[in-house]
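Working notes, beginning with the structure itself.
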Amino acid sequence: MDSVKFKFVQEVTQYGDKLLKRLDEFRRKNLYYDVRIKTIDDEFVAHKVVLAACGGVFRRNFVDPNTMMIIGDVTEVTFDCCSIGLSPILNFAYSGILEITAENLIPVFVASGSTEMKEVQDICAGLTMERLGWIIDFDGKQSLCDVTIEESLAKLEKTLRINLKSFGESPVGVEGEFPCLSHVEETWPELGVVYKLLVDCVKKAKVIDDGNKVNNKPDEVVTVDTTPTKKEFATQDTKQEPEKTEVKEPKLPATQESTSTENSKSTTEITKDETIKESTKEATKELEDPKTPAKEDPKTPAKEDPKTPANEDPKTPANEDPKLPAKPPNINGN
């Protein structure tokens, strides 16, 4: 019976993403929702379990800390922010994608503070300092680094008008220094409140961004120079010198022997090659020199003189005529 039992595990790729997309479709079609999210100018529907998973205010409002269960009685939550700022946060909760533009940067930053969505708040703080950090110190008299004073003022006006609808009727209870407030109120009176709110938001973003940079700063590497000075070298004990000397690996005798044998072989071969080359050069010179007589072939017989008889008797005098008879010996001494 044990052979019949088995366990099978199959993982479906991107199942979580598909599930979130299906839930987002339900939200957009107003299906199966259990909570309404209201802003100062609009309202949205959502699923409490999805928002509770994001933490922050959503979890505090939707989860009972004692039972750790979703609270069924809560069906509506209101936030003091505009819909243009909260909508990207809801999309982020269902997809993990945060879409930021020039029009919704500050509203999303404000809404992230209201909902206590730290991930969104950190992203918006860094982007705010990158795009709008200049507005904190701009006084309307000194131009920005890359444009003239006229272009700088035009850039300020455009930025304020983009965020005019973002704050709506938010209270003006902000304090601090506003370098360009007098110029804004004189030139664009309708943008005075927006300017103060915008500068206040950028200052808050700076505090958050600076804190993130400090917390995310990598550990400092301390380098210590241990090289002795000249004076330390002079007074150093000689017994400690071997510690500074690099340890060399002992050479094996077999390796030395084989190495020297190979070197001697290569030297002998080089000497033989040089001797052969010298002999070849000398032979070539002898052949090319016309004054040097050619060597006779020992196998070739010397040519005979045609006047000399071939079968000459060595006992016969050279000047006697072979046709005359020989003189008789002188018996009497005459």
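For the sequence shown, the positions run 5 to 338 when our numbering is used.
All residues carry an ideal CB built from backbone N, CA and C; glycine is no exception.
In this structure L94 is buried. Its beta-carbon is surrounded by 16 or more other beta-carbon atoms within 10 angstroms. Comparing alpha-carbon positions, the option among V16, P111 and F96 lying closest to D28 turns out to be F96. Three or more Cβ pairs closer than 8 Å define a contact, and the segment 81-90 meets that threshold against the segment 109-125. By the neighbour-count definition (other C-beta atoms within 10 Å, threshold 16), D45 is an exposed residue. If you ignore the 5 residues before and after V188, its C-beta comes within less than 7 Å of the C-beta of L195, G196 and Y199, all in its own chain and listed in chain order.
According to DSSP, V81 shares a beta bridge with I41. In the DSSP assignment, the residues bridged to V67 are I74. Spatial neighbours of L102 in its own chain (CB-CB distance under 7 Å, excluding positions within 5 residues in sequence) are listed in chain order as P92, F96, V124 and I127. DSSP places F48 inside the beta strand (DSSP E), whose first and last residues are E47 to A50. Annotation for F96: the continuous alpha helix (DSSP H) segment containing it runs S87 to S99. Per the C-alpha coordinates, the member of R135, M133 and E154 positioned closest to D143 is E154. Between E161 and W138, the C-beta gap is not smaller than 8 Å, which leaves the two residues out of contact. The alpha-carbon separation between E134 and I104 amounts to approximately 13 Å. Exclusion of the five residues before and after L157 leaves G144 as the residues of its chain whose Cβ lies within less than 7 Å of its Cβ. If you look at Y36, you'll find it isn't in any alpha helix (DSSP H); DSSP assigns it neither H nor E. Across the set T71, A106, G20 and I75, the C-alpha of A106 shows the shortest separation from the C-alpha of R165. Taking 3 residues as the minimum length, the segment 96-132 contains no beta strand (DSSP E) run wholly inside it. Going by beta carbons, I110 and C184 fall outside the 8 Å limit. Contact between V78 and F62 is absent: CB atoms are separated by about 10 Å, not below the 8 Å threshold. A distance below 6 Å between beta-carbons, with the five flanking residues on each side excluded, links L202 to the following residues of its chain, in chain order: N167. Straight-line spacing of the CA atoms in G20 and K33 works out to 20 Å. Linking L55 to Y37 through their CA atoms gives a straight-line distance of about 11 Å.
Between the C-alpha atoms of S170 and K11 there is a straight-line separation of about 56 Å. A50 counts as buried, since no fewer than 16 other beta carbons sit within 10 angstroms of its beta carbon. Of the candidates D150, M121, G60 and R26, R26 places its Cα closest to the Cα of S99. If you draw a straight line from the Cα of Q18 to the Cα of F30, it is about 19 Å long. Cβ-Cβ distances below 8 Å link V151 to K159 in the same chain, with the five nearest sequence neighbours on each side left out; the list follows chain order. For D150, the three-state secondary structure derived from DSSP is coil.
Residues of the same chain with a CB within less than 7 Å of the CB of V53, apart from the 5 flanking positions on each side, are I74 in chain order.
With a contact defined as Cβ atoms closer than 8 Å, E15 and K42 miss out at about 40 Å. Residue range L185 to T191 is occupied by the alpha helix (DSSP H) that includes T191.
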